[in-house]
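Take a look at the structure below.
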Amino acid sequence: MNENTRSDGAGQAYSRIYNRRLIFELLHQAGPLSRVDIADRIGLKPQTISGITRELLTQGLIHEVGKSVGQRGQPQTYLAPNPDAGYSLGMHVDQGRISIVLGDLLLNIRQRIEWVGETTDPAATTTVMAQLAESMILESGIEKQKIWGIGLVLPTLNADTYEAEMTMPGWDLWRGFDVAGKLGALLDLPVLMENDATAAAMAELFSHPGTPPRNAVLVY
């Protein structure tokens with residue numbers, strides 16, 4: 001028996017969190033969908049789907065986007081993520097360049113900044129990153145509490161954990177520097193950091209839902 005099927009309170013709480021995430025991610029990847037569509041795809045009981053979608057609607061994370069027309073039976077209401085429910089910043093730092101985008105919940109890019117300059121000093125560069133992000137949020141008119149966090153990618157993440165690495169001139173001072181911690185403290189936002197090649201592969205996977213597995217090569 002796994003945690004999803006346990007009858008105790010902890011198991012039920014875990015199951016509800018899991019099902020809530022399952023429904024939201026399905027809508028994010030394949031919406032708009034009706035509650036019947038959701039049930040057909042993930043096999044949850046209608047009562048469970050109704051309760052979770054009602055909760056997501058109340059919180060503004062999803063919204064109704066239309067009803068079925070010309071079909072037999074009771075019209076179905078279609079649901080989809082609300083793009084304005086939350087936003088995030090995506091940052092890419094490379095040698096001599098900082099790229100930042102502001103995206104909504106449906107991954108629509110609302111704003112973009114490209115900065116060119118010296119990036120050898122990690123502390124100074126992180127300060128510039130924070131200033132650019134603050135300026136972007138201010139210009140967007142979006143309340144800062146609606147910014148859920150920052151996705152930060154670098155080419156040298158965790159290079160010291162591998163048995164072999166390609167030395168990259170210009171990144172020597174970045175080794176061991178807690179850029180995520182520093183940036184998060186400056187902006188008072190959570191920061192998730194990843195290697196840029198890994199992030200590119202994950203983005204490619206999630207931006208093409210429903211397609212068969214593919215191989216990809218990222219060339220610098």
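1 is the number of the first residue of the sequence shown in our numbering; add one for each residue after it.
Yeah, the Cβ is synthetic: ideal placement off N, Cα and C, and Gly gets one too.
For residue i, does the count of other Cβ atoms within 10 angstroms reach 16, so buried, or fall short, so exposed?
i, result
"Leu-205", "exposed"
"Gly-66", "exposed"
"Ile-17", "exposed"
"Thr-58", "exposed"
"Asn-4", "Residue confidence for Asn-4 is low, a pLDDT of 49 falling below 50, so the modelled location carries little weight; the figure read from the coordinates is stated next. It is exposed - the Cβ of Asn-4 has fewer than 16 other Cβ atoms within 10 Å."
"Thr-198", "exposed"
"Leu-231", "One cannot answer for residue 231 here, as it falls past the ends of the chain, which runs 1 to 220."
In the DSSP output, what is residue i paired with across the bridge?
i, result
"Met-91", "Ile-100, Leu-152"
"Gln-81", "For the sequence presented, residue 81 should be read as Pro rather than Gln. Ile-62, per the DSSP bridge assignment."
"Arg-112", "Val-101"
"Met-193", "Leu-152"
"Gly-147", "Before going further, note that residue 147 is Ile rather than Gly in the sequence given. DSSP output for Ile-147 lists Tyr-87 as bridge partner(s)."
"Lys-182", "Answer is none; Lys-182 lacks a bridge partner."
For residue i and residue j, which I take to be in contact (beta-carbon distance under 8 Å), what is that distance rounded to the nearest angstrom?
i, j, result
"Gln-111", "Met-136", "5 Å"
"Val-116", "Gly-96", "6 Å"
"Leu-192", "Gly-151", "5 Å"
"Thr-127", "Leu-173", "That belief does not hold up - the Cβ atoms of Thr-127 and Leu-173 are roughly 14 Å apart, past 8 Å."
I'd like to know whether the C-beta atoms of residue i and residue j end up nearer to each other than 8 Å.
i, j, result
"Pro-122", "Gly-149", "no"
"Leu-79", "Glu-64", "yes"
"Ile-100", "Ile-113", "yes"
"Tyr-226", "Lys-182", "An answer regarding residue 226 cannot be provided, because it is not within the stretch 1 to 220 covered by the chain."
"Leu-102", "Ile-62", "no"
"Ala-133", "Leu-89", "yes"
"Val-153", "His-92", "yes"
"Ser-15", "Arg-35", "no"
"Pro-81", "Gly-31", "yes"
Length-filtered (4 minimum) alpha helix (DSSP H) runs lying within the region 16 to 48: Taken in chain order, the unbroken stretches of alpha helix (DSSP H) that lie wholly in the region 16 to 48 and span 4 residues or more are 35 to 42.
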